[in-house]
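Residue numbers (our numbering), protein chains in the order written: chain F, 1 to 332; chain H, 333 to 730.
Ideal Cβ placement from N, Cα and C applies to all residues, glycine included.
Reading through the structure tokens given below for one structure.
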Amino acid sequence: MIRYIAFRLLAAVPTLILISALVFFIIQLPPGNYFDTYVAELQAQGETVDPNKIEYLKHEYGFDKPVVEQYAIWVWDMLHGDFGYSFEYEMPVTQVVGSRLYMTILVSMVTIIFTWLIAFPIGIYSATHQYSWSDYGLTFLGLLGLAIPNFLLALILMYLANIWFGTSIGHLMDAKYLGQPMSWDKFKSIAEHLVIPVVVIGTSGTAGMIRRLRANLLDELQKQYVVTARAKGVPPLRALLKYPLRMSLNFFIADIGGILPSVISGAEVVAIVLSLETTGPLLIRALQSQDMYLAGSFLMFLATLTIIGVLISDIALALLDPRIRLQVRQTR
Amino acid sequence: MDAIPGPLPPDGAPIAHYISPKPFDPKAIEKLSPIQERVYLASQLRLMWWKFKKHRAAVYSGFFLLILYTSILISEFLAPYNLSHRHVDNIYMPPQGIHLFHDGKFVGPFVYGTRYHLDMDTLRREYPVDRSVVHKLRFFCEGDPYRFWGLFEARFHLFCGPKGNDAVFLLGTDRLGRDMLSRIIYGTRISLTIGLIGITVSFLLGISIGGLAGYYGGWIDIVVQRIIEVLQSLPSIPLWLALAAIMPVDWSPIIVYFGITIILGLIDWTGLARAVRSKLLSLREEDYVMAAELMGASPRRIIFRHLIPGFLSHLIASATITIPSMILGETALSFLGLGLRPPVTSWGVLLNEAQNINVVALYPWLILPVVPVILVILAFNFLGDGLRDAADPYHTAW
Numbered sequence: 001m002i003r004y005i006a007f008r009l010l011a012a013v014p015t016l017i018l019i020s021a022l023v024f025f026i027i028q029l030p031p032g033n034y035f036d037t038y039v040a041e042l043q044a045q046g047e048t049v050d051p052n053k054i055e056y057l058k059h060e061y062g063f064d065k066p067v068v069e070q071y072a073i074w075v076w077d078m079l080h081g082d083f084g085y086s087f088e089y090e091m092p093v094t095q096v097v098g099s100r101l102y103m104t105i106l107v108s109m110v111t112i113i114f115t116w117l118i119a120f121p122i123g124i125y126s127a128t129h130q131y132s133w134s135d136y137g138l139t140f141l142g143l144l145g146l147a148i149p150n151f152l153l154a155l156i157l158m159y160l161a162n163i164w165f166g167t168s169i170g171h172l173m174d175a176k177y178l179g180q181p182m183s184w185d186k187f188k189s190i191a192e193h194l195v196i197p198v199v200v201i202g203t204s205g206t207a208g209m210i211r212r213l214r215a216n217l218l219d220e221l222q223k224q225y226v227v228t229a230r231a232k233g234v235p236p237l238r239a240l241l242k243y244p245l246r247m248s249l250n251f252f253i254a255d256i257g258g259i260l261p262s263v264i265s266g267a268e269v270v271a272i273v274l275s276l277e278t279t280g281p282l283l284i285r286a287l288q289s290q291d292m293y294l295a296g297s298f299l300m301f302l303a304t305l306t307i308i309g310v311l312i313s314d315i316a317l318a319l320l321d322p323r324i325r326l327q328v329r330q331t332r
Numbered sequence: 333m334d335a336i337p338g339p340l341p342p343d344g345a346p347i348a349h350y351i352s353p354k355p356f357d358p359k360a361i362e363k364l365s366p367i368q369e370r371v372y373l374a375s376q377l378r379l380m381w382w383k384f385k386k387h388r389a390a391v392y393s394g395f396f397l398l399i400l401y402t403s404i405l406i407s408e409f410l411a412p413y414n415l416s417h418r419h420v421d422n423i424y425m426p427p428q429g430i431h432l433f434h435d436g437k438f439v440g441p442f443v444y445g446t447r448y449h450l451d452m453d454t455l456r457r458e459y460p461v462d463r464s465v466v467h468k469l470r471f472f473c474e475g476d477p478y479r480f481w482g483l484f485e486a487r488f489h490l491f492c493g494p495k496g497n498d499a500v501f502l503l504g505t506d507r508l509g510r511d512m513l514s515r516i517i518y519g520t521r522i523s524l525t526i527g528l529i530g531i532t533v534s535f536l537l538g539i540s541i542g543g544l545a546g547y548y549g550g551w552i553d554i555v556v557q558r559i560i561e562v563l564q565s566l567p568s569i570p571l572w573l574a575l576a577a578i579m580p581v582d583w584s585p586i587i588v589y590f591g592i593t594i595i596l597g598l599i600d601w602t603g604l605a606r607a608v609r610s611k612l613l614s615l616r617e618e619d620y621v622m623a624a625e626l627m628g629a630s631p632r633r634i635i636f637r638h639l640i641p642g643f644l645s646h647l648i649a650s651a652t653i654t655i656p657s658m659i660l661g662e663t664a665l666s667f668l669g670l671g672l673r674p675p676v677t678s679w680g681v682l683l684n685e686a687q688n689i690n691v692v693a694l695y696p697w698l699i700l701p702v703v704p705v706i707l708v709i710l711a712f713n714f715l716g717d718g719l720r721d722a723a724d725p726y727h728t729a730w
């Protein structure tokens, strides 16, 4: 097992190098750089900038160096824990991202738990009552959640919440609690504002999860060991939960790789519509304004999380499922 | 009764028990009845069609999509007005209901007239219904001129308001007084083709790259695997954003449209390539591939003649399921203002106008383009489900 993990970690190194090159390439692709856009914007507003200052800044951040060298410096600094400087916020990237990280993790965690709470019972129910009206109805409901564009659902729910419950529009808390220390009132305000993003982001994920849980569980339920268990009189609930459900959850563990980065980035578009103080809008804004170190380092961070997530889920799968564990041993 | 059978009767004498006089057919048991023959000897395609027909929702969805795709050929005719025709007297007009009876008499489909009125307190445009004015709908009538398929001038429309009077806006108008129904009908053209072109790009890439990796294995496989891993580890929306930002601002909207579809396809192919690769890896160990190789078939012939038909149906089904994600992706991109740009009009571009909470509160009919989006996505999902079940030979529907 340890050798397997070590091998996987080694294999991740070239992937990470490729990703870093791709990320750097992507953020370099749009013509111009942050300072050009910045100067153009200021000039459009009729203001002037000291060209010497811009020249100095460009030199300071190595914009006059060849691209390859810029890339090397960026990677080298990242390896030393320096993720660069955000031009727009005039703060180190770690601080910009860090200030929003807790709220993002909060929103994402609640959303994931919401998704599981909804998807699990429905998926199991649909699989055990295949082709019944309730199966069709629930599956349809899940599909509907998938089909409605998230941003629009967010808008409509936000409007309804404002009319019915008087929840203030957008943000994660009432404006008066921004920057305040945590208190019971602030907590209540956050909880109130969490509902919409959680429901909106949750609906799209729920549909996919219901479908896969249903399909996997159906495959499992057709197998002979389930028939045997039923025939020898194992109670129906136990015959469902003991093995078939556990087996059908493999896909669920395999999903951890995808969940980890989305916990950090959150749902970008919904967050923009609801003006949530999460990292998603930050990333989108950084990409648009070519705030390259903020965008690049954050993308790199997300990609690294994906790779770690995939590794974790592979190890977890191997630990949980003896068949996969044996395969690993055989291929070695 | 004679318990023990006796010796055979003398030559020529009939045997004691019954013998069928019919000629002996050694294959009698294996012979199929005509009904069985129809099932057992049916081609793969025919079997799939039978299974597909069982899936009601899929059949209806397919039919619905077929109608929509046919409609994009004649959008100009179906839409009552041109895409950019501005009715300056009818800005932000709410949808009108179609009525059939007026004063207890049957008049045929008509709408009531409206009077424009500006609320001086809220500065809101209001259009109270005037029950005394009846605008009868005309069918197959002359309206806004257009160039049909860019070939010839035409003025023919499915229906329009009374002559010389733009008074019929079944789904209301937007902030420039453009008819929503017409815009949604024109938007169908862009939104539906974006999914198709995108999926074609992704399909070609997925099959060829995944096919190479799966068939040859070795270092090609390792490189392809790494590339897929890299692409999949980056979140898709930032990727779209970055790629959409590359497109020069001075490109014409039509080229931007193709650019966006290609971007959607470029990012989507990884999943398909993975599926192709793993299928090929398992299929190339089959005996019939070995047989083909021994007979001297070239790799190209083996891939295209023997391997791809083996899982093409499965691939098409899974591609159908990914079309909705492309349509949704386009709406999300356009919503962020990074996708298509007017005058190219897609459902996403239309929804871009509805991104303000005021719109939801004051002019809720501007979010109507979401209805076709939802319907099309549901339809593609059902169709894809039906196709997938039909393409799966181990899944029997009867």
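Between residue i and chain F, is any beta-carbon pair separated by less than 7 angstroms?
| i | result |
| --- | --- |
| VAL420(H) | no |
| PRO427(H) | no |
| THR562(H) | In the sequence as presented, Thr is not what sits at residue 562(H); that position holds Val. Answer yes: the Cβ-Cβ gap between VAL562(H) and chain F drops below 7 angstroms somewhere. |
| ARG558(H) | yes |
| PRO567(H) | yes |
| LEU710(H) | yes |
| ALA577(H) | yes |
| SER573(H) | Note that residue 573(H) is Leu in the sequence shown here, rather than Ser. It does; some Cβ of chain F falls within 7 angstroms. |
| ILE648(H) | no |
| ALA332(H) | Outside the shown range of chain H (333 to 730) lies residue 332(H), about which nothing can therefore be said. |
| ALA729(H) | With a pLDDT of 43 at ALA729(H), under the threshold of 50, the modelled position of that residue is not reliable, and no figure is offered here. |
| PRO317(H) | Nothing can be reported for residue 317(H), as the shown portion of chain H is limited to 333 through 730. |
| SER713(H) | Before going on, a small fix: residue 713(H) reads as Asn here, not Ser. So yes, ASN713(H) belongs to the interface. |
| PRO570(H) | yes |
| ASP724(H) | no |
| ILE552(H) | no |
| ILE635(H) | no |
When the cut-off is 7 angstroms and only beta carbons count, does residue i lie next to chain H?
| i | result |
| --- | --- |
| TYR333(F) | The displayed coordinates of chain F run from 1 to 332. Any statement about residue 333(F) would go beyond what the structure contains. |
| PHE151(F) | yes |
| LEU221(F) | no |
| VAL234(F) | no |
| LEU18(F) | yes |
| GLU192(F) | no |
| VAL110(F) | no |
| VAL107(F) | no |
| ILE26(F) | yes |
| PRO30(F) | yes |
| TYR125(F) | no |
| TYR159(F) | yes |
What is the C-beta distance between residue i and residue j, in whole angstroms, given that I count them as a contact (C-beta under 8 angstroms)?
| i | j | result |
| --- | --- | --- |
| ALA154(F) | LEU274(F) | 5 angstroms |
| ARG423(H) | ARG479(H) | The sequence shown places Ile at residue 423(H), not Arg. About 27 angstroms; that fails the 8 angstroms criterion. |
| TYR518(H) | THR663(H) | So it is not a contact: roughly 16 angstroms between Cβ atoms. |
| ILE659(H) | ILE709(H) | 6 angstroms |
Less than 6 angstroms between C-beta atoms, sequence neighbours within five positions excluded: which residues of the same chain meet that for residue i?
| i | result |
| --- | --- |
| TRP730(H) | Only weak support is given to the placement of TRP730(H): the predicted model assigns it a pLDDT of 42, under 50, and the question is left unresolved by the model. |
| LEU138(F) | ILE122 and SER126 |
| GLU268(F) | GLY280 and ILE284 |
Go through its chain and collect everything with a Cβ distance to residue i's Cβ below 7 angstroms, but skip five positions before and after it.
| i | result |
| --- | --- |
| GLY504(H) | MET425, PRO426, PRO427, MET512 and TRP697 |
| VAL49(F) | VAL39 and LEU42 |
| PRO631(H) | TYR547 |
Excluding the 5 residues flanking residue i on each side, which residues of the same chain have their C-beta closer than 8 angstroms to its C-beta?
| i | result |
| --- | --- |
| LEU450(H) | ARG456, ARG457 and GLU458 |
| VAL110(F) | LEU194 and VAL198 |
| VAL93(F) | PHE83, GLY84, TYR85, SER86, TYR293, LEU294, SER297 and PHE298 |
>> Count Cβ pairs between the region 301-310 of chain F and the region 10-26 of chain F that sit closer than 8 angstroms; are there 3 or more?
In response: The region 301-310 of chain F makes contact with the region 10-26 of chain F: 3 or more CB pairs, one atom from each, lie closer than 8 angstroms.
> If you pair each beta-carbon of the region 437-446 of chain H with each one of the region 402-411 of chain H, do three or more pairs fall below 8 angstroms?
Replying inline: Cβ pair count under 8 angstroms is below three, so no.
> Going along the chain, which residues of the region 658-677 of chain H sit with their C-beta nearer than 7 angstroms to a C-beta in chain F?
Replying inline: Against chain F - using a Cβ distance shorter than 7 angstroms - the residues of the region 658-677 of chain H are LEU660, THR663, ALA664, PHE667 and LEU668.
> Are there three or more Cβ pairs, one per stretch, closer than 8 angstroms when the region 194-205 of chain F is compared with the region 142-158 of chain F?
Replying inline: Because the criterion of three Cβ pairs below 8 angstroms is met, the region 194-205 of chain F and the region 142-158 of chain F touch.
> Between the region 164-174 of chain F and the region 209-228 of chain F, do three or more beta carbon pairs fall short of 8 angstroms?
Replying inline: In short, these stretches do not touch, since the Cβ pair count stays below three.
> Quick one, which residues of the region 511-542 of chain H are near chain F if we go by CB-CB under 7 angstroms, in chain order?
Replying inline: Of all residues in the region 511-542 of chain H, none places a beta-carbon less than 7 angstroms from a beta-carbon of chain F.
>> Does the structure place the region 129-138 of chain F close enough to the region 309-321 of chain F that three or more beta carbon pairs sit under 8 angstroms?
In response: With contact defined as three or more Cβ pairs closer than 8 angstroms, the region 309-321 of chain F and the region 129-138 of chain F are not in contact.
>> Beta carbons nearer than 9 angstroms to chain H: which residues of the region 137-149 of chain F have them?
In response: Answer set for the region 137-149 of chain F: PHE140, LEU143, LEU144, LEU146, ALA147, ILE148 and PRO149.
> If you measure beta-carbon to beta-carbon, which residues of the region 676-690 of chain H are closer than 8 angstroms to chain F?
Replying inline: Those would be LEU683, ALA686, GLN687 and ILE689, in chain order.
>> Closer than 9 angstroms between beta carbons: that is the criterion. Which residues of the region 580-604 of chain H meet it against chain F?
In response: When C-beta distances to chain F are compared with 9 angstroms, the residues of the region 580-604 of chain H below that value are PRO580, in chain order.
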